[in-house]
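For reference, the structure discussed in these notes is given below.
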Amino acid sequence: MIAVIVVLRLVVPLLIPRFTLPALLASLVIDGVDGGIFAGLESVDTSWYQSYDKALDIYYLALTYLAVRRNWPDLFSVRVAAALWYYRLVGVLLFEITDARWLLMVFPNTFEYLVIAVEVVRTRWSPLRLSRRRLVLLAALIWVVVKLPQEWWIHVAQLDFTDEFARRVLGVEPGTGLVAGLAHRPWVGVLLLALVVGVVLLVRWGRPRLPVPDWRFTVDADRVSERIGWLPSAEAAAAAPRRSFLDAALAEKVLLVALVTTVLVLVYPGPAASPGQAFTVIALAVVAHAAASAALHRAGWNPRSWLLRGAVDVAVTALALLALTALVGGRRGLLTAVDLAFFTYVVALVVLLFDATTARRAVRPVLRPVAGPLVSV
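The sequence shown begins at 2 in my numbering and counts up by one.
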């Protein structure tokens, strides 16, 4: 069972770049239920999984951000999502350094829920209907109404919803069971039924006020790009200039990969590198990879080949992690072979996908939001 959960948490996020909504929701659900599943395995030691759980959270959220860069046509929307993503990532880094749980409330994970909301829109309507004002208001609403209470409940108060619902609402001890709890306080069942009826009536009231869908339901990001005309032309692809490896994209790639890796190193149990050591070593590795790609291009190799880029990514990342291990742990080392393989996989994948999304956006037309309400009044 443990192996199945770990494989699912590694494989399902790989679908996020193209099938963002279902893959992201599946990753969120798996992350939510794995603890309960492992709690039932009393004969198996799963204490080691806690650190990997945090690392896998960063893993699927990093792929979600790369999916935003890959699929969202409006640059302003990408920048809003990027700001929320990096804000949360910095908050997680500060929490891992200080262990101050209130930081997770100050730096809420608004990014993930904003992506889910926008991807829901994209299933039936053009994302270009979302004006800048609507997008910012949506992010603010999620931040204040959804994430602040949720982050306080989970990370500051550290309350369990099931236990608190049983104790405070049903008036029974946790573990008693829902049926016994409803038998103890039948009026709670009546309120829950009324809530369900209210949600159904709200949906029936709201559906006629939505605009006519732009297309049939889809969760395929490539199909959405096709329908809004966000495809590269042959002329644009041919005329795309060769970028210098020292550019703004490299600066963001260094920041992204170094922050992600530093958080991974901090959540890993055992001898830990300092944040400065981890950030510096990985940042230098990313720059070295960019320089290696440029050198291959000058030598006549095709650095855009997925196989070649992947091989270079893996080699440079593995060498950087080995250097970090030697720097911190000496001959004893910081990472086992399995850990080294996991870290190398995550870092190399993020680098590869970042480069792919950068190249993808460079040959696509610039699209901006257009007038058109999402809800009629």
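Cβ atoms here follow ideal geometry from the backbone N, Cα and C, with glycine treated the same way.
With C-beta atoms as the reference, is Val268 less than 8 Å away from Glu97?
Yes. Within cutoff.
Using 8 Å as the Cβ pair cut-off and three pairs as the minimum, do the segment 278-292 and the segment 244-264 touch?
Judged by Cβ distances under 8 Å, the segment 278-292 makes contact with the segment 244-264, as three or more pairs qualify.
My understanding is that Leu85 touches Thr65, with C-beta atoms under 8 Å, so please give their C-beta distance in whole angstroms.
Contact between Leu85 and Thr65 is ruled out by a C-beta separation of about 11 Å, above the 8 Å threshold.
Which residue's Cα is closest to the Cα of Arg186: Val204, Val198, Phe166 and Gly199?
Taking Arg186 as reference, the option from Val204, Val198, Phe166 and Gly199 with the minimal CA-CA separation is Phe166.
Excluding the 5 residues flanking Thr358 on each side, which residues of the same chain have their C-beta closer than 7 Å to its C-beta?
Annotation for Thr358: Leu67, Arg70 and Arg71 place their beta carbon closer than 7 Å to its own, counting only its chain and skipping 5 residues before and after.
By the DSSP assignment, the alpha helix (DSSP H) with Ser275 in it spans what residues?
First-last for Ser275: undefined, no H or E at that position.
Among residues of its own chain, excluding the 5 on either side of Leu94, which ones have a beta-carbon nearer than 8 Å to its beta-carbon?
Hits under 8 Å: Leu260, Thr263, Val264, Leu267 and Pro276.
In this structure, how does DSSP classify Glu120 when only helix, strand and coil are distinguished?
Here Glu120 sits in helix by DSSP.
Please classify Val351: is it buried, with 16 or more other beta-carbons within 10 angstroms of its beta-carbon, or exposed?
Burial check for Val351: the Cβ neighbour count within 10 Å reaches 16 or more, so the residue is buried.
Minimum length 4: unbroken alpha helix (DSSP H) runs contained in the segment 46-80:
Under the rule that a run must span 4 or more residues, the alpha helix (DSSP H) segments found entirely inside the segment 46-80 read 50-72.
Just to confirm before moving on: does the CB-CB distance between Val119 and Leu104 stay below 8 Å?
At the C-beta level, Val119 and Leu104 stay beyond 8 Å of one another.
Taking Cβ to Cβ, would you say Thr124 is nearer than 8 Å to Thr21?
No. Outside cutoff.
Have a look at Leu323 and Leu90 and give me their C-alpha separation to the nearest angstrom.
Computed Cα separation, rounded: 24 Å.
Cβ atoms of Val13 and Ala27: under 8 Å apart, would you say?
Cβ atoms of Ala27 and Val13: closer than 8 Å.
Sequence-distant residues of the same chain with beta carbon closer than 6 Å to Leu11, five excluded per side
Hits under 6 Å: none found.
Please work out which residues of its chain come closer than 6 Å, Cβ to Cβ, to Pro380, disregarding the five sequence neighbours upstream and downstream, and give them in chain order.
Here the chain covers residues 2 to 378 and nothing more, so residue 380 does not appear.
Looking at the structure shown, is Leu297 part of a helix, part of a strand, or coil, going by DSSP?
Looking at Leu297 - three-state DSSP - the assignment turns out to be helix.
Could you check what DSSP says for Glu174 in three-state terms: helix, strand or coil?
DSSP, reduced to helix, strand and coil, places Glu174 outside both helices and strands of the structure shown, so it counts as coil.
Does DSSP put Leu380 in a helix, in a strand, or in coil?
Because the chain here runs from 2 to 378, residue 380 falls outside it and cannot be looked at.
For my contact list, Thr318 and Ala349 are in at a C-beta cut-off of 8 Å; report their separation, rounded to the angstrom.
That pair is a contact at about 5 Å.
Taking the beta carbon of Thr345 as the centre, do at least 16 other beta carbons fall within 10 Å, making it buried, or is it exposed?
For Thr345, the number of other beta carbons within 10 angstroms of its own is at least 16, and it is reported as buried.
Beta-carbon proximity of Leu183 to Gly190, cut-off 8 Å
Yes, these two residues count as a Cβ contact at 8 Å.
Where Leu105 sits in the DSSP three-state scheme:
The DSSP-derived three-state label of Leu105 is helix.
Alpha carbon to alpha carbon, what distance is there between Leu353 and Tyr61?
For Tyr61 and Leu353, the gap between their C-alpha atoms comes out near 15 Å.
Where Asp223 falls: helix, strand or coil (DSSP)
The answer is helix: DSSP assigns Asp223 an H, G or I state.
For the alpha helix (DSSP H) holding Phe166, just list the boundary residues, first then last.
Note, Phe166: premise wrong, no alpha helix (DSSP H); not H, not E.
Just checking my contact of Met106 with Val157 at CB under 8 Å: how many whole Å lie between their CB atoms?
Rounded, the Cβ-Cβ distance is 5 Å, consistent with contact.
What are the boundary residues of the alpha helix (DSSP H) that His185 is part of?
From DSSP, the alpha helix (DSSP H) with His185 extends over Leu179 to His185.
Thinking C-beta only, is Trp144 closer than 8 Å to Pro1?
An answer regarding residue 1 cannot be provided, because it is not within the stretch 2 to 378 covered by the chain.
Apart from the five residues just before and just after Arg332, which ones in its own chain have a Cβ nearer than 6 Å to its Cβ?
Confidence is the limiting factor: at Arg332 the pLDDT is only 41, short of 50, which leaves the residue's position unreliable and the question unanswerable from this model.
Just curious, the alpha helix (DSSP H) that Ala158 is in, first and last residue?
Where Ala158 is concerned, there is no enclosing alpha helix (DSSP H), given that its DSSP letter is neither H nor E.
Decide if Leu139 is buried, meaning its Cβ has at least 16 other Cβ atoms within 10 Å, or exposed.
Buried, by the Cβ-count rule.
Phe20 in three-state terms, based on DSSP:
Reduced to three states, the DSSP call for Phe20 is coil.
Quick check on Trp216: does DSSP put it in helix, strand or coil?
In this structure, Trp216 counts as coil in the three-state DSSP scheme.
Closest residue to Val347 among Arg135, Asp58, Val121 and Leu251 (Cα-Cα distance):
It is Asp58.
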